[in-house]
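J.: Protein sequences appear in the order of chains B and C.
Each position in the first sequence, counted from 1, maps to that position plus 114 in this note's numbering.
Each position in the second sequence, counted from 1, maps to that position plus 210 in this note's numbering.
For each residue, glycine too, the CB sits at the ideal point set by N, CA and C.
Below is a structure I'd like to ask you about.
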Amino acid sequence: MAFEGRRVLVVEDEFLVALTMIDFLEPLGCEVVGPAASLPVALELARSEPLDAAVLDMNIAGAMIWPVARALRRRRVPFVFLSAYCDLEVVSGPFAATPCLEKPLEQSRLLRHLHAIWDAPQRSSARLQSATPSSAPSPRR
Amino acid sequence: MPEAARLQEKMRTMNEALVLGLVRQHELTDIADSLNVRLQNEVVERKEIETALRASEERYRTLFELGPVAVYSCDAPGRIVSFNRRAAELWGREPVLGEQGERFCGAVKLFHPDGTLIPPELCGMSEVLSGKVPAVHDMEVVVERPDGSRVVIVVSILPLKDECGIITGAVDCFYDITERKDAEERQRFLLNELAHRGKNLLAVVQAVASRTLSGTRPLAEERDILSQRILALAHSQTALVIGGFEGAAVAEIVRLECESFSDRVEVSGPEVMLNRRVAQTFAFVVHELSTNAAKYGALSVPAGRVAITWAIDGAGASARFRFQWRERGGPPVVPPTRRGFGRLLLESAVAQDFGGLPAFRFEPSGLIYEIDAPLQRLAVEIDGVKERSAGGDVAAT
């Protein structure tokens, strides 16, 4: 299997969507960490679990995912957003360069991102983590 | 004789002169009279003009004060000369007039629509007075009042010029479009929210489809199950529409799901509104239970019945929602060996969304399924739409 033993944190508060993620990741050989359906649980996993990547819903039980994203960035864990809100301006600031996949999940797209993350670690991690505060566009308004 | 003749001659000329003088005097009196008349006319005329002017001035003053549009004017150096009541209302203050007053505008702060500050020397009035721009037409500007509140205004400015074309001042008219802007913003937001909810719903359909069409049953059967599950999802949406999108009533979801066998169910419970997420899961729960009942349980035999009851126990933050599905009169109960997607919905989805592990009891009389969950978690969020946009906390969505 392509990604045997890769540990992927899934943060998703919609039970059925989380199920879709599991159904997609497990056959690839990935080990799903979570899925976390609340911010505190997600934060705990993001800080303590060994992780190779993460897929994050942006709005988790009414709260924004940013604390989890910051925790992952500190640990240099690459991640992508999965959200129905990609087109909103919320994806600005420090995570503007982080890929955001639209809901419903387009599996081939996520697969491409996982390949980008894991197949060429240097380049991909640079790409995924390029949104350092200095290079990020200043928040509008 | 010559003396007498000379004298006579003199008398004659004097007489002539006298006559001439008299004539002249007459003429002069006439002139004076006509001048007087003209003067009087002029005075009357001027008075009339003055009255007319005052009336006109009065009219414009009333228009100035009464009109719904805010107006103010500046002299050439930009000192505020006059402003009307509406201008002061929109500025949230009354500027000091004349020499000691502020220049160009009565607002404390001005911003472009994108939020960047407009320094006073770069405001529209300043640019018109300096001749940098010939006029300003329908420019959107944001005014900040002393209390920090903001209004969006549309500004038009025209210069005043003397006969030589020198700019002697300018007039600025503006009006409030804050309400329109808010309505536009609200509409945009609602359309976005609609699109997002649609996408979320499709993500749920995607999950249900992929789990239902797992290939463990004949395709025709799986197709039928999928169609039924999508209908259950549609029922939750219908119940939400009936609930004004704020929430869905438990009774409404039960009614929609049990319509086809309503003569065999007893339904009772108080009014409880479920939030969007929970309503969706609850619709799946009632659907899966009734499907199972129709296949293997009480609804698979004519004598079978189902009692659906719910209640609220306690009050305030500790109040609990208790739901029970109780079958009786069905065939002997055999606990299922297979743990399919339906079971996953009835157990794991409920545990996550209701915040309480449901109980299955396979009693000899029939299946009993119970949910015992904190009411607060299921209840309708207070305008969750607004809070979601602000990224704020929404109770249990």
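(1) I'd like to check one pair, Val146 of chain B with Val124 of chain B: are the Cβ atoms closer than 8 Å?
(2) If I measure Cβ to Cβ from His347 of chain C and keep anything under 7 Å in the same chain, skipping five residues before and after, which residues do I get?
(3) Compare the C-alpha of Gln438 of chain C against each of C:Leu423, C:Ile452, C:Gly302 and C:Val451 and name the closest.
(4) Report yes or no: is there a C-beta of chain C within less than 8 Å of the C-beta of Cys130 of chain B?
(5) So within the region 479–547 of chain C, which uninterrupted beta strand (DSSP E) runs reach at least 3 residues, ignoring any that extend past its ends?
(6) May I ask you to list, following chain order, the residues of the region 118–146 of chain B that have a beta carbon less than 8 Å from some beta carbon of chain C?
(7) Kindly say whether Pro218 of chain B, judged by its beta-carbon, lies nearer than 8 Å to any beta-carbon of chain C.
(8) Report back the beta-carbon spacing between Leu153 of chain B and Ile136 of chain B to the nearest angstrom; my notes put them in contact at under 8 Å.
(9) Taking buried to mean at least 16 other C-beta atoms within 10 Å of its own C-beta, is Met224 of chain C buried or exposed?
(10) For Pro584 of chain C, which of helix, strand or coil comes out of DSSP?
(11) Taking Tyr683 of chain C and Asp382 of chain C to be in contact with their CB atoms under 8 Å, please state how far apart those CB atoms are, rounded to whole angstroms.
(12) Kindly indicate which three-state DSSP category Met224 of chain C falls into: helix, strand or coil?
(13) Can you give the Cα-Cα distance for Gly602 of chain C and Pro541 of chain C, rounded to whole angstroms?
(14) Once DSSP output is grouped into helix, strand and coil, what is the label at Val199 of chain B?
(15) Spatial neighbours of His264 of chain B within its chain, please: C-beta separation below 6 Å, excluding the five flanking residues on both sides.
(16) If contact means a Cβ-Cβ distance below 7 Å, which residues of the region 173–200 of chain B contact chain C?
(17) Compare the C-beta of Asn485 of chain C against all C-beta atoms of chain B and say whether one is closer than 8 Å.
(18) Determine the extent of the beta strand (DSSP E) in which Thr293 of chain C is found, giving its start and end residues.
(19) Looking at the structure shown, is Glu395 of chain C part of a helix, part of a strand, or coil, going by DSSP?
(20) Output yes or no for whether 8 Å exceeds the beta carbon distance between Gln534 of chain C and Ile578 of chain C.
(21) Does any C-beta atom of chain B lie closer than 8 Å to the C-beta of Ser359 of chain C?
(22) According to the Cβ coordinates, are Leu215 of chain B and Leu224 of chain B closer than 8 Å?
(23) Are the Cβ atoms of Asn410 of chain C and Glu128 of chain B separated by less than 8 Å?
(24) Does Ala151 of chain B have its Cβ less than 8 Å from a Cβ in chain C?
(25) Between which two residues does the alpha helix (DSSP H) holding His229 of chain B run?
(26) In chain B, which residues lie with their C-beta within 7 Å of the C-beta of Ser420 of chain C?
(27) Show which residues of chain B have a CB atom less than 9 Å away from the CB atom of Asn410 of chain C.
(28) Using 8 Å as the cut-off, can you tell me whether the region 513–531 of chain C makes contact with the region 395–402 of chain C, which would need three or more C-beta pairs spanning the two stretches below that distance?
(29) Considering only C-alpha positions, which residue in the set C:Leu232, C:Lys220 and C:Leu588 is nearest to Ala458 of chain C?
(30) When DSSP builds the beta bridges, which residues end up paired with Pro369 of chain C?
(31) Please return the same chain residues whose Cβ sits closer than 8 Å to the Cβ of Lys391 of chain C, not counting the five positions on each side in sequence.
(32) Quick check on the burial criterion: 16 or more other C-beta atoms within 10 angstroms. Buried or exposed for Gly334 of chain C?
(33) Count the other CB atoms, across all protein chains shown, that sit within 10 Å of the CB of Pro218 of chain B; report buried if there are 16 or more and exposed otherwise.
(34) As a quick exercise: from C:Val477, C:Ala345, C:Glu252 and C:Phe494, pick the residue whose alpha carbon is nearest that of Ala380 of chain C.
(35) Using CA atoms only, rank isn't needed, just tell me which of C:Val495, C:Lys319 and C:Glu237 is closest to Ala569 of chain C.
(36) Along the alpha helix (DSSP H) that carries Phe187 of chain B, what are the first and last residues, could you check?
T.: Judging by the given coordinates:
(1) To locate residue 124 of chain B, count along the first sequence from 1; it is residue 10. To locate residue 146 of chain B, count along the first sequence from 1; it is residue 32. Going by C-beta atoms, Val124 of chain B is nearer than 8 Å to Val146 of chain B.
(2) In the second sequence, residue 347 of chain C corresponds to position 137, counting from 1. Within the same chain, and ignoring the five residues on either side of His347 of chain C in sequence, the residues whose Cβ sits closer than 7 Å to its Cβ are Ser366.
(3) To locate residue 438 of chain C, count along the second sequence from 1; it is residue 228. Ranking the options by Cα distance to Gln438 of chain C, first place goes to C:Leu423.
(4) For the purposes of this step, residue 130 of chain B is taken as residue 16 along the first sequence, with counting starting at 1. It is worth fixing the name first, because residue 130 of chain B is Leu in this sequence and not Cys. It does: the Cβ of Leu130 of chain B has a partner Cβ on chain C nearer than 8 Å.
(5) List check, beta strand (DSSP E) in window: 515–523 and 530–538.
(6) Against chain C - using a Cβ distance shorter than 8 Å - the residues of the region 118–146 of chain B are Asp127, Glu128, Phe129, Leu130, Val131, Leu133, Thr134 and Asp137.
(7) The residue you call residue 218 of chain B lines up with position 104 of the first sequence. Output row for Pro218 of chain B: interface = yes.
(8) Stepping through the first sequence from its first residue, residue 153 of chain B is reached at position 39. Stepping through the first sequence from its first residue, residue 136 of chain B is reached at position 22. Ile136 of chain B and Leu153 of chain B do not touch by the CB rule: their CB atoms are close to 20 Å apart, not below 8 Å.
(9) Translated into positions along the second sequence, residue 224 of chain C becomes position 14. Around the beta carbon of Met224 of chain C, fewer than 16 other beta carbons lie within 10 angstroms, which makes this residue exposed.
(10) Here the question's residue 584 of chain C lines up with position 374 in the second sequence. In the structure shown, Pro584 of chain C sits in a strand (DSSP, three-state: E or B).
(11) Outside the displayed range of chain C (211 to 607) lies residue 683 of chain C, so it cannot be described from this structure.
(12) Reading the second sequence from its first residue, position 14 is the one you call residue 224 of chain C. DSSP places Met224 of chain C in helix when its eight states are reduced to three.
(13) Working through the second sequence from its first residue, we reach residue 602 of chain C at position 392. Working through the second sequence from its first residue, we reach residue 541 of chain C at position 331. Because the pLDDT of Gly602 of chain C is 35, which lies under 50, any placement of that residue in the model is unreliable, and the question is left without a value.
(14) Looking up residue 199 of chain B in the first sequence gives position 85. The sequence shown places Tyr at residue 199 of chain B, rather than the Val named in the question. Looking at Tyr199 of chain B - three-state DSSP - the assignment turns out to be coil, as it is neither helix nor strand.
(15) Only positions 115 to 255 of chain B appear in the structure, and residue 264 of chain B is not among them; the question remains open.
(16) Within the region 173–200 of chain B, the qualifying residues are Asn173, Ala175, Gly176, Ala177, Met178, Ala198 and Tyr199.
(17) In the second sequence, residue 485 of chain C corresponds to position 275, counting from 1. Asn485 of chain C is outside the set of residues whose beta carbon lies under 8 Å from a beta carbon in chain B.
(18) Here residue 293 of chain C is taken as the residue at index 83 of the second sequence, counted from 1. Note on residue identity: the sequence assigns Phe, not Thr, to residue 293 of chain C. DSSP places Phe293 of chain C in the uninterrupted beta strand (DSSP E) bounded by Ile290 to Phe293.
(19) Walking along the second sequence from the start, residue 395 of chain C turns up at place 185. Glu395 of chain C falls in the helix class under three-state DSSP.
(20) Within the second sequence, the letter at position 324 stands for residue 534 of chain C. Within the second sequence, the letter at position 368 stands for residue 578 of chain C. Yes, these two residues count as a Cβ contact at 8 Å.
(21) For the purposes of this step, residue 359 of chain C is identified with residue 149 of the second sequence, where counting begins at 1. Not one chain B Cβ lies under 8 Å of Ser359 of chain C.
(22) Position 101 of the first sequence holds residue 215 of chain B. Position 110 of the first sequence holds residue 224 of chain B. Contact flag set, yes.
(23) Counting from one through the second sequence, the residue named residue 410 of chain C turns up at place 200. Counting from one through the first sequence, the residue named residue 128 of chain B turns up at place 14. One thing to note: Asn410 of chain C has its Cβ within 8 Å of the Cβ of Glu128 of chain B.
(24) As a working note, residue 151 of chain B is residue 37 in the first sequence. Yes, contact with chain C.
(25) Working through the first sequence from its first residue, we reach residue 229 of chain B at position 115. Run containing His229 of chain B: Gln221 to Asp233, per the alpha helix (DSSP H) assignment.
(26) On the second sequence, residue 420 of chain C is found 210 positions in, with the first residue counted as 1. Correct list: Thr134 and Asp137.
(27) On the second sequence, residue 410 of chain C is found 200 positions in, with the first residue counted as 1. Correct list: Glu128, Val131, Ala198, Lys217 and Pro218.
(28) Because the criterion of three Cβ pairs below 8 Å is not met, the region 513–531 of chain C and the region 395–402 of chain C do not touch.
(29) Position 248 of the second sequence, counting from 1, holds the residue named residue 458 of chain C. Looking at the Cα atoms, C:Leu588 is the closest of the given residues.
(30) Reading the second sequence from its first residue, position 159 is the one you call residue 369 of chain C. In the DSSP output, where bridge partners are listed per residue, Pro369 of chain C has C:Ala380.
(31) The count along the second sequence starts at 1 and reaches residue 391 of chain C at position 181. The residues are Val362.
(32) Position 124 of the second sequence, counting from 1, holds the residue named residue 334 of chain C. Buried, since its Cβ has 16 or more Cβ neighbours within 10 Å.
(33) On the first sequence, position 104 is the one that residue 218 of chain B refers to. So Pro218 of chain B ends up on the buried side.
(34) Position 170 of the second sequence, counted from the start, is the residue given in the question as residue 380 of chain C. The candidate whose alpha carbon is nearest that of Ala380 of chain C is C:Ala345.
(35) Within the second sequence, residue 569 of chain C is the residue found at index 359, counting from 1. Looking only at C:Val495, C:Lys319 and C:Glu237, the smallest Cα-Cα distance to Ala569 of chain C is reached by C:Val495.
(36) For this step, residue 187 of chain B is matched to residue 73 along the first sequence. With the sequence shown as reference, residue 187 of chain B is identified as Arg, and Phe is not the correct amino acid for it. Arg187 of chain B -> alpha helix (DSSP H) spans Trp180 to Arg188.
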